[in-house]
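Residue numbers (the working numbering): 2 to 240. Ideal Cβ placement from N, Cα and C applies to all residues, glycine included. A short worksheet on the structure shown next.
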Ligand code: HEC
Ligand code: HEC
């Protein structure tokens, strides 16, 4: 009795062993079939966000410094300072210049030859630079500060600080740009561009203009020329 049940047990074990082997075989044979399905994963990773190196960016920024200044602190008020800017925003804007979607022809010519890696490196580099800071125009700063902090509810203008932050530091992941210590002429020009919907154009086969530009189209379209000058002056002195 005892030996018979042992034999049965042994038989069961051998059946289990066989099915385990079959299972292993099945898994083995499943492996090559799974491989092609898994193959797109590395490709997708390569197409994902490119990691930037500030060190590599420093070398690549030599050509940019002719206009954007040493360390991204521009001395020409029409050319923006880039120091401290969020890399998410800088990279997005460089891609849009390269795609001819952001309309400025001077920058389109600069961006056209940049690779995704160049863009990531340059964006990382400028993020690490320190802003030297500028002064506000004292005759405009009061009106500008009011608009920046509180907006004008009567005209439906939101305070800029709601998105750009009380200190003008913006928000990287949200791609709300850092605006503080920017040349007032550049800021004014951008507010005009937004009000006229001229900052971007749609280009077939290229990424669309950022959907969130709509926020700035709306804000800027409610502002007078005087508002723009005042808030731009306040932002220039913001630190
Ligand atoms: C010949 C002058 C010139 C050179 C060189 C130049 N830029 Fe520009 N850049 C400009 C001007 C002018 C603008 C403003 C464009 C506008 O008004 O839309 C600008 C705008 C930008 C902006 C947008 C800033 C913002 O706040 O939205 C970025 C980013 C930028 N440049 C990066 C670079 C990089 C990186 C290089 C080097 C590869 C470079 N630029 C070289 C003139 C230049
Ligand atoms: C609801 C959020 C929001 C509010 C409020 C807002 N902004 Fe913006 N701002 C944005 C976003 C988002 C962008 C980037 C848009 C794009 O992709 O072109 C931007 C871009 C800008 C730029 C372009 C910066 C550059 O480097 O080119 C300026 C200048 C600016 N805003 C000024 C202002 C001012 C001045 C006010 C207040 C009167 C204001 N913003 C209110 C969200 C906002």
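- The C-beta distance from residue 178 to residue 168 rounds to 13 Å, too long to meet the 8 Å contact threshold.
- Assigned with DSSP and collapsed to three states, residue 150 falls in helix.
- Any heavy atom of ligand 2 within less than 5 Å of a residue's beta carbon puts that residue on the list, which reads 159, 161, 163, 164, 177, 178, 188, 191, 211, 213, 214, 216, 217, 220 and 232.
- Per DSSP, the beta-bridge partners of residue 172 are 177.
- Just measuring C-alpha positions, the residue of 159, 191, 182 and 176 sitting nearest residue 137 is 182.
- By alpha-carbon distance to residue 207, the top candidate from 107, 96, 231 and 112 is 96.
- In the DSSP assignment, residue 68 falls within the unbroken alpha helix (DSSP H) covering 66-69.
- Residue state for residue 198 is assigned as coil, using DSSP reduced to three classes.
- Here the distance from the Cβ of residue 51 to the nearest heavy atom of ligand 1 is not below 7 Å.
- With a cutoff of 8 Å on beta-carbon distance, residue 211 and residue 93 are scored as near each other.
- For residue 103, the three-state secondary structure derived from DSSP is strand.
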